[in-house]
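So the sequences go chain by chain: A and B. Residue 145 in this note's numbering sits at position 145 of the first sequence, and the numbers go up by one each step. Positions in the second sequence are counted from 1; adding 1000 to them yields this note's numbering. Quick reminder that beta carbons are idealized off the backbone N, C-alpha and C, glycines included. Everything below concerns the one structure shown next.
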Amino acid sequence: MIDLLTFLENNELSVFIREWPSVFGFPTILFLHTLGLAMVAGVSIAVDLWILRGAPAGAPLHLLGLTRTMWLGFGINLVSGIALLLAYPAKALTNPVFYLKMALVLVAVYVAVRINREIAARGRKLHPAFAALPPSMAGGGEALTMAFDTRRWALVSLSLWGAATITGRLLAYTYNVLFAYELTP
Amino acid sequence: MIREVIHWLTHTPVNHLVMDYRWTWPTAESLHFCALALMVGTVGTFDLRLLGLGKGIAPATLHYSIRFGVAGFIVSVITGALFIFGQPDQYFYNNAFKVKVVCLLLLGLNVCAFYALEARQVLRLGPGDDAPPRAKAFAIISLTLLVAIMCAGRMLTFYRP
Chain A
1 MIDLLTFLEN NELSVFIREW PSVFGFPTIL FLHTLGLAMV AGVSIAVDLW ILRGAPAGAP
61 LHLLGLTRTM WLGFGINLVS GIALLLAYPA KALTNPVFYL KMALVLVAVY VAVRINREIA
121 ARGRKLHPAF AALPPSMAGG GEALTMAFDT RRWALVSLSL WGAATITGRL LAYTYNVLFA
181 YELTP
Chain B
1001 MIREVIHWLT HTPVNHLVMD YRWTWPTAES LHFCALALMV GTVGTFDLRL LGLGKGIAPA
1061 TLHYSIRFGV AGFIVSVITG ALFIFGQPDQ YFYNNAFKVK VVCLLLLGLN VCAFYALEAR
1121 QVLRLGPGDD APPRAKAFAI ISLTLLVAIM CAGRMLTFYR P
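Below, the structure written as structure tokens:
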């Protein structure tokens, strides 16, 4: 484990991300990670709030246009997150809170996909004109429409994004080591 | 003047609360980020609708969520104030903080101008309607300032005095 962490933090890309003394280096990656968070969690929260309010039956389909912003944010988060992990692998990979955050993000993304599929399936059922929607967006079809309670999932989604954001912030306060050499007995 | 203000801030009970309890700062930061996501999510989604994304939704429907964005903004201001009370010298002499404050003020002006000049017309739009060009301009300014506020916020550490 120590060898792997040492290898990761000593490779050229890691050193470059960590030590490039420019505002366009590490600070910009941190900013992009925050921007990604605001896009993915923010739009997801807006969708969840709308569902909880009782979104009009046919209209949710139109939200799919907005949820593309959410997936763009997720992409930004994924790339910037990998860069942050590469910069300080030992700091993240030896911290249990990091794994908790990753688990929360994975479950939150799964819930977001389910909600998107649900609103697409419901929209297709109510508006045959939208039947041409790509299967990737429409998901499991009509059978899914009755499969679960979207409002309950919206509540779960809100809680998950909140918890993922909190654990993400707490990473800066809960790590035990910054570099792999600190693990050497 | 700034030195007196910093001296006063560092001798308040709030400074004691922020600096002498281990979990106050991380808790405030966590809330600050949750509130940021709430604010950017709700306001940003409304702005995107004005720019033509999710056009099938009436703007008034998305406008309902703005109240949660306002709640997020209030939480951000309160938690942000805690940081300033905690380490005022880290903020008052920080250029990124100055940019952030200016952007926040401009965002406030943009919101006031939108509600004074354009909101009535926008909230009457139905599903599929295109927002007027002036409303789109307000949305672009709002999104730009939201991103600038986030960027300046993240750069605070980098420009620490």
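- Interface annotation, V1040 (chain B): in contact with chain A, CB-CB separation under 8 Å.
- Going by DSSP, V1070 (chain B) is part of the alpha helix (DSSP H) stretching over I1066 to G1086.
- Around the beta carbon of H33 (chain A), 16 or more other beta carbons lie within 10 angstroms, which makes this residue buried.
- Contact of P1026 (chain B) with chain A by beta-carbon distance below 8 Å involves R169, L170, A172 and Y173.
- In this structure G1108 (chain B) is not in contact with W1025 (chain B), their Cβ atoms being roughly 26 Å apart against a cut-off of 8 Å.
- Each of B:H1063, B:C1112 and B:M1150 was checked against the Cα of V47 (chain A), and the nearest Cα belongs to B:H1063.
- By the beta-carbon neighbour count (other beta carbons within 10 angstroms, threshold 16), P1088 (chain B) is buried.
- By the criterion of a C-beta distance shorter than 7 Å, I1006 (chain B) is surrounded in its chain by P1088, D1089 and F1092, once the five residues flanking it on both sides are discounted.
- Counting only residues of its own chain and dropping the five nearest sequence neighbours on each side, Y1159 (chain B) has a CB closer than 6 Å to the CB of N1094, N1095 and A1096.
- Under the three-state reduction of DSSP output, G162 (chain A) falls in the helix class.
- Chain-ordered, the chain A residues with CB closer than 8 Å to the CB of A1037 (chain B) read L37, A38, A41, G42, I45, W161 and T165.
- Going by C-alpha positions, I2 (chain A) is about 19 Å away from T174 (chain A).
- Look at the segment 77-115 of chain A and you find these whole runs of alpha helix (DSSP H), each 4 residues long or longer: 89-93.
- For M1155 (chain B), a Cβ of chain A is located within less than 8 Å of the residue's own Cβ.
- With respect to the 8 Å criterion, V177 (chain A) and L171 (chain A) are not classified as neighbours on the basis of their beta carbons.
- Chain A places a beta carbon closer than 8 Å to that of S1030 (chain B), counting this residue as a contact.
- The beta carbon of S1142 (chain B) lies closer than 6 Å to those of D1047 and N1110 in the same chain, with the five residues before and after it left out.
- Burial is judged here by how many other beta carbons sit within 10 angstroms of a residue's own beta carbon; G1056 (chain B) has at least 16 and is buried.
- In the pairwise beta carbon analysis, the segment 1032-1052 of chain B is classified as touching the segment 1134-1153 of chain B: at least three pairs are separated by under 8 Å.
- Contact between the segment 13-27 of chain A and the segment 81-95 of chain A is established, with three or more Cβ pairs separated by less than 8 Å.
- Beyond the five residues adjoining it in sequence on each side, K91 (chain A) comes within less than 6 Å, by CB distance, of Y175 and L178 in the same chain, given in chain order.
- For Y1064 (chain B), the nearest CB of chain A lies under 8 Å from its own CB, placing it at the interface with that chain.
- For L37 (chain A), the CB contacts under 8 Å within the same chain, skipping 5 residues up- and downstream, are G73, N77, T165 and G168 in chain order.
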